[in-house]
Amino acid sequence: MSKLLIDGGRVLGGEAKVQGSKNSALPILAASLLAKNESVFFGCPRLSDVDSSVKILRYLGCKVAQDGHTLTVNSSTLGIDDIPEPLMRLMRSSIIYAGALLASVGSARLTFPGGCELGPRPIDLHLSSLKKLGAEITERHGELIFKAPKGLKGSKISLSFPSVGATENIIIAASKAKGTTIITNAAREPEITDLADYLNSCGAHIEGAGEGTIVIEGREHFYGCCHSIIPDRIVAATLMSASAVTGSEIILDSVIKSHLDAIIPCFEQAGCDVKFDKQKMKINSPKRLKSLGLIRTTPYPGFPTDAQAPLMAVAAVGEGITVFSENIFESRYKHVGEFIRLGADIKVEGKVALVQGVKKLYSAPLCAKDLRGSAALAVAALSAEGTTEIDTTEYLERGYEELDVVLSNLGASVKKI
Ligand code: EPZ
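In terms of our numbering, the sequence shown opens at residue 9 and continues consecutively.
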């Protein structure tokens, strides 16, 4: 596996285009199983998690072609309903194929999914919801067998937690169920809306995506269509963090302001100036950042848990105390130990991390532990004096398309070895 070598202390400048959203592309690729023929996806990011999805789709018998950021999926040759464990373990969102296979072929044989270790990542809400839609599920030797002998039937489903993945699984399965499905306490992330937009273009009837209550009228026939993936709001937040820690002014192209409504105020509190011109954002950061105050992660439209690590890199060099409260995942502070190697002053107590900003960080050999944490280490390294080595880019490549190239094009000294 490769490593990143980052020489810190450089001021950045210029413009970067934000990639398509990983967390939108993954469920949409699973949903493409429902379409009788070909779907074409534009702005699909080139990531290892997308490669994993392509492996699963091809294993299931779909024809998939990739040309840069355009991905074509033809599910007319979809033939089997099982996904072997090595493929299921590649990422968390492989569990979405339960709903997609139940809706398209009527059964599924999967195992428990993989994904970043952010604490236990149960799938109870996925399973209980699919049962409500008529699925019979047996768990044996780590295998999950889904059957729907009487087909899927619409149902009222109230989620005890607005789980993103469970909401997506329900939307996909219910799109072809007989009758109406009403989801209450649904996740409201923009990636849910993007999934619903794609499925509606294929012939689904989904209303209320992006709200807490979603109503789905089942439909029988779905036809592939063209769909552009929305930009990745977490990658945008990560590049904003790179600007902040280097006191730089950069322009980000392909940004949707409303997706960042909970993130922008944190940067403004730290002293950054953020301006928009249509889908372009200009962020101008001061040489000396202030603290970010209190940041608590909550379901959308609140502050996203995925941006917690990148913004902690900003807080690490902001003057004063920033307090993080991580309310979504049980163990999402693995980057703290690595930040401390750079000289950061951070104390973790349960779900709270208390960050006392320091004047300067100093390079050190670092170990990446999960996807967003590894991006946050790269951001912190941009401001650390000296050359920081980050061992392995394996996690990074799951969610960031060529982050080394993007940062180098902005003037950073980043080498992948
Ligand atoms: C999605 O994960 C994202 N992944 C995550 O991004 C993101 O952090 C998360 O949503 C929250 O926004 C993808 O979209 C592929 P959840 P997901 O179901 O669907 C608990 C990244 O870095 N829960 O909303 O797994 C769960 O344990 C990744 O891009 C249950 O208890 O998130 C967690 O504590 C990391 N039972 C909380 O809900 C369930 O059945 C949020 O999980 C499902 C979830």
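No residue lacks a Cβ here, since even glycine has one placed at the ideal position from N, Cα and C.
Let me check one thing: in DSSP terms, what residues is residue 382 bridge-paired to? According to DSSP, residue 382 bridges with nothing at all.
Confirm the yes/no value for this check: CB of residue 41, any heavy atom of the ligand EPZ, distance under 6 angstroms. no
Expressed to the nearest angstrom, what Euclidean distance is found between the alpha-carbon atoms of residue 311 and residue 117? 35 angstroms
With respect to the alpha helix (DSSP H) encompassing residue 406, which residues constitute its N-terminal and C-terminal limits? 404 to 407
Inter-stretch contact at 8 angstroms, needing at least 3 Cβ pairs: the region 343 to 353 / the region 291 to 308: no
As an exercise, report each continuous beta strand (DSSP E) stretch of at least 3 residues that is fully enclosed by the region 248 to 281, in chain order. 257 to 261
Nearest residue (CA-CA) to residue 105, options 74, 67, 316, 78: 67
Consult DSSP for residue 166 and reduce its assignment to one of helix, strand or coil. strand
For residue 277, I'd like the list of residues in its chain whose CB is within less than 6 angstroms of its CB, leaving aside the five on either flank, ordered along the chain. Result list for residue 277: 300, 301, in chain order.
Given 8 angstroms as the limit, is there contact between the region 393 to 409 and the region 14 to 21, that is, 3 or more CB pairs closer than that? yes
Figure out for me which residue from 131, 127, 221 has the closest Cα to the Cα of residue 335. Here the closest residue by C-alpha is 127.
Beta-carbon spacing of residue 239, residue 413 below 7 angstroms: no
Whole angstroms are fine: how far does the CA of residue 137 sit from the CA of residue 191? 10 angstroms
Give the straight-line distance between the Cα atoms of residue 418 and residue 329, rounded to the nearest whole angstrom. Cα to Cα, residue 418 sits roughly 29 angstroms from residue 329.
Nearer than 6 angstroms: is that true of the beta carbon of residue 26 relative to any heavy atom of the ligand EPZ? No, the Cβ of residue 26 stays beyond 6 angstroms of every heavy atom of the ligand EPZ.
Decide if residue 73 is buried, meaning its Cβ has at least 16 other Cβ atoms within 10 Å, or exposed. exposed
Please classify residue 235 as buried or exposed, where buried requires at least 16 other C-beta atoms within 10 Å of its C-beta. buried
Using the C-alpha atoms, what's the distance from residue 101 back to residue 36? 11 angstroms
CB-CB under 7 angstroms to residue 84, same chain, minus the five flanking residues each way: which ones, in chain order? So the list reads 44, 45, once near-sequence residues are dropped.
Taking C-alpha atoms, which residue in 237, 377, 225, 20 lies nearest to residue 47? Considering only alpha carbons, the answer is 237.
Examine chain B for any beta-carbon lying closer than 7 angstroms to the beta-carbon of residue 117, and answer yes or no. Looking at the structure shown, chain B is missing, and only one protein chain is on hand.
Where in the region 280 to 330 do unbroken runs of the alpha helix (DSSP H), each at least 4 residues long, occur, reported from the N-terminal end onward? Runs found: 316 to 324.
Please list the terminal residues of the continuous alpha helix (DSSP H) segment that includes residue 347. 342 to 349
Can you tell me which of 171, 134, 259, 20 puts its alpha carbon nearest to the alpha carbon of residue 194? Of the candidates 171, 134, 259, 20, the one whose C-alpha sits nearest the C-alpha of residue 194 is 171.
What are the start and end residues of each continuous alpha helix (DSSP H) run of 4 or more residues lying completely inside the region 131 to 218, in chain order? 132 to 140, 172 to 182, 198 to 210
Identify, in the order they occur along the chain, each residue of the same chain with its Cβ nearer than 8 angstroms to the Cβ of residue 365, setting aside the five sequence neighbours on each side. 297, 299, 323, 324, 325, 326, 327, 328, 329, 330, 353
For a test of the three-state rule: what should DSSP assign to residue 398, helix, strand or coil? strand
For residue 8, which residues from the same chain have a beta carbon less than 7 angstroms from its beta carbon, with the 5 sequence-adjacent residues on both sides left out? Past the edges of the chain, shown from 9 to 425, lies residue 8, and the structure says nothing about it.
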